[in-house]
Amino acid sequence: MNPAHVIALCVVAAGLAQCAAAQDPPAQEGSAYETRYSIAVINDATFYANTAPHVPAVLNQMLVEPTFDLHYRQRWSFSTSLIGGTTTYTDNTTQLHVRETYTGLSVGDFDFTAGRKLVRWGTGYAFTAAGVLDPPRNPTDPTDRLNLNEGRDMIKTDYVRGPHAFTLAWSTAELARSGTNLHDTTAFRYNVLVYGFDTALIAGNDRGSDTFGGFTFTRVLGQAWEVHGESMWREQEALLLGAKYVMHSGVTFIGEFYTPPNTPYYRDAGVSPFAGRQHYGFLYAGKSRLRQLPGWKEWDVSGSIVTNFDDHSYTGVFDVNRWFGTHFSAYAHVQVPAGGRGSEFGAAPYASANSFGVRFQL
Amino acid sequence: MSNVNCTLRTILLFFLIAFLVTCAIVCRAATATSAPDAVALLKHSDTYRNGWPSFVTRVKITNFESGRSDEEELYEVSQKGTDKTYVEFLTPREKGRHVLMLGDDMWIYLPDTSRPVRITPLERLSGDASNGDVARTNYAADYTPVYVRTEKVGPETNTEQCYVLELTAKRKGATYQRILYWVRAEDARPVKAEFYLTSGKHIKSATFDEYVDSNGKMLLRKLTLYDEIRHNSHSVLEYSGAVPRALPDKLFYQGRSDRF
């Protein structure tokens, strides 16, 4: 779709919404303005074992991550989230990144958003097939533990009515970091909650590239199971199926199977273009608040493994986090890749990456 | 002849008096055992925690271990109707988290996860005060009540006549399978509760400690949850700043990514 048409549609929708809003009853509120803020300061040191001779063995990152949100009468909003960081590796670099900065206008059943924003349409935990505007998933760090993911620059219109939600978004790649494989993207999403299925249909087009279409779902079964899945057609089909199981003790297991086609859009940097369709597996086990006892509930522990079934390589990941009071925490994050030299995970230029860090959160 | 009439009159009078006394006793017994309307009682008792059809309130939870304050958490709860609740976590350790409840379905939004995560019923019970204790406070929507008995509750100097209701979960979104619920006879104000799992295990007890007049409504101000598995642990929930507010439906849309 032509971007000009998308913008025109957004403007027309805004006009319609203004008319609808005129009939809304006035909202009773405590205060016209509401604000939220947070600041995270992280020092993360990663020690690489058995690196090549010319590669530094220590990477140190000092990150400052402020966020600020302002809402005015539940109608207008402004949000920003920045990342300032000093990295010490082959040399010292200091950079400022905009993670998110957007403004929103809420009128009647419509929400309009403009700016850089993190959007998450995919339902996968470690992988995504249908997250066409999502930040890239890293299966060895699915939680983005240092909060380094950045949003897409976009204009977005949401229309929410009862259980139905329609979203139209146009995202530009003009302001994206160099080296990323992003295109201008026009995407439409219809999301509905029906019989417990949180289901979404997604369709769109990458400018000068592919047209795509697919769906996502999540569903809770019984007391302990959640299942989720994604399917997307973009030249060829990509499929993701996953499940989560929670034990009475609170231990959580997540398993996912993901098979993307070997096309430029889906292909990981470590995979040969001639390798054919890839098949991945992911298994996670973890528990936050190790036990509900003093001295134990400050601990969060998890372990996961991600594997490429085609080249038989894998990476094991172990995380442990401990809170000290309300504001401070310390953590360890260990990654151990294994596999042949030419395999996806075995090609990592180190035997293990051991990260240790401290975090202050306000 | 007159002796016979006199005797008959005496017997008749005796039977009449006996009949009247029996009627009075039966009527009194019937009045005493007539069960109150459990559904109406439960609906009324819910109004002490849900003052308006659409409102916002803050909940501070202080966890105690062996009598000492151990953790403190702060939440802002937005609630609309009986089946839409949105909880924002405000303490630094959990800042950026949100829980959304839509009918029987719940999601948690974690700032460090790539997507909203569906919560299974078991996850609703996590934490000293579970997600369900904060997000699901409309018992009439979640449970079927049955009147059990009337009893006096409280210290000897200040006992209160209470109705005891047995609540059984009627939808899968309910946090507990069974609740024994004591409400004050005179105004249905909750006094105490016992919470049970599907297995029958008595997992928690609660006392509804303080009420306060807030914006013209008598609302619960302080609730204490006692862990019945680890008896030296309890949590105090303090409610404050409750105000009615017109909340748009789209605040409770599960796909909304700009929470708050």
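Going line by line, the protein sequences match chains Y and H.
Here this note's numbering is used: the first residue of the first sequence is 11, the next is one more, and so on.
Here this note's numbering is used: the first residue of the second sequence is 9, the next is one more, and so on.
For glycine and all other residues, C-beta sits at the position ideal for the given N, C-alpha and C.
Checklist entry - Relative to the alpha-carbon of E96(H), which residue among D113(H), P119(H), D78(H) has its alpha-carbon at the smallest distance? => result P119(H)
Next on the checklist: Could you pull the DSSP bridge partners for I127(H) from this structure?
Outcome noted: M114(H)
Next on the checklist: Which same chain residues end up closer than 6 Å to D208(Y) when comparing Cβ atoms and leaving out the 5 residues on each side of it in sequence?
Outcome noted: T228
Checklist entry - Bridge partners of N102(Y), per DSSP? => result T98(Y)
Checklist entry - Roughly how many angstroms separate the alpha carbons of E110(Y) and S91(Y), rounded to a whole number? => result 5 Å
Checklist entry - With a CB to CB cut of under 6 Å and the five nearest residues on each side skipped, what residues in its chain are close to L211(Y)? => result Y200, F225
Next on the checklist: Output needed in chain order: residues of the segment 248–272 of chain Y with a Cβ under 7 Å from some Cβ in chain H.
Outcome noted: V256, H258, G260
Checklist entry - In chain H, which residues lie less than 9 Å from V51(Y) when you measure between Cβ atoms? => result Ordered by position in chain H, no residue passes the 9 Å Cβ test against V51(Y), which lies about 12 Å from the chain.
Checklist entry - Among K307(Y), F267(Y), G335(Y), Q233(Y), which residue has its Cα nearest to the Cα of Y294(Y)? => result F267(Y)
Checklist entry - Would DSSP call S138(H) helix, strand or coil? => result coil
Checklist entry - How about N191(Y): is its C-beta nearer than 8 Å to some C-beta of chain B? => result The structure shown has no chain B; the protein chains it does contain are Y and H.
Next on the checklist: Taking 8 Å as the threshold (beta carbon to beta carbon), is P359(Y) in contact with chain H?
Outcome noted: no
Checklist entry - With a CB to CB cut of under 6 Å and the five nearest residues on each side skipped, what residues in its chain are close to A31(Y)? => result Low per-residue confidence applies at A31(Y): pLDDT is 38, beneath 50, and the placement is therefore not dependable enough to give any value.
Checklist entry - Can you list, in chain order, the residues of the segment 72–102 of chain Y whose Cβ is nearer than 9 Å to any Cβ on chain H? => result T77, D79, H81, Q84, S87, S89
Next on the checklist: Checking the sheet assignment: what are the DSSP bridge partners for Y83(H)?
Outcome noted: V67(H), F97(H)
Item to check | CA-to-CA distance, D163(Y) to T65(H), given in whole angstroms | outcome: 35 Å
Checklist entry - Who are the neighbours of Y261(H) on chain Y, taking C-beta pairs under 7 Å? => result V170, A175
Checklist entry - How close, in whole Å, do the beta carbons of L173(H) and R57(H) come, if the pair is a contact with beta carbons under 8 Å? => result Rounded, the Cβ-Cβ distance is 15 Å, inconsistent with contact.
Checklist entry - With a Cβ-Cβ cutoff of 8 Å, do G214(Y) and T195(Y) count as a contact? => result yes
Next on the checklist: In whole angstroms, give me the CA-to-CA distance for G141(Y) and R130(Y).
Outcome noted: 6 Å
Checklist entry - So, using beta-carbon positions, are L158(Y) and I52(Y) closer together than 8 Å? => result no
Checklist entry - Count the other CB atoms within 10 Å of the CB of L20(H); is the residue buried (16 or more) or exposed (fewer)? => result exposed
Checklist entry - Does the beta-carbon distance from D77(Y) to Y47(Y) come in below 8 Å? => result One point to set straight first is that residue 77(Y) is Thr, not Asp, in the sequence displayed. Yes, Cβ-Cβ distance for T77(Y) and Y47(Y) is below 8 Å.
Item to check | Spatially closest choice to A177(H) from T206(H), Y155(H), R238(H), by CA coordinates | outcome: T206(H)
Checklist entry - Which chain H residues are close to H107(Y), counting only those with a beta carbon under 7 Å from its beta carbon? => result Ordered by position in chain H, no residue passes the 7 Å Cβ test against H107(Y), which lies about 17 Å from the chain.
Next on the checklist: I'd like to confirm the pairing. Which residues does DSSP put opposite K230(H) in its beta bridges?
Outcome noted: E218(H), E246(H)
Checklist entry - Which class does A248(Y) belong to by DSSP, given the choice of helix, strand or coil? => result strand
Checklist entry - So, helix, strand or coil for T39(H), using DSSP? => result Reliability of the predicted coordinates at T39(H) is poor, the pLDDT of 48 falling under 50, and the value obtained from them is presented with this limitation in mind. Residue state, collapsed to three classes: helix.
Next on the checklist: Closer than 7 Å between beta carbons: that is the criterion. Which residues of the segment 217–237 of chain Y meet it against chain H?
Outcome noted: T228, V230, Q233, A234, W235, E236
Checklist entry - Along chain Y, which residues have their Cβ under 9 Å away from the Cβ of E202(H)? => result The contacting residues do not exist; E202(H) stays about 19 Å from chain Y at best.
Checklist entry - Hey, how far is the Cα of N272(Y) from the Cα of S219(Y)? => result 16 Å
Checklist entry - Ends of the beta strand (DSSP E) at A210(Y)? => result 207–216
Checklist entry - When you compare only the Cα positions, how much space is there between V368(Y) and A342(Y)? => result 9 Å
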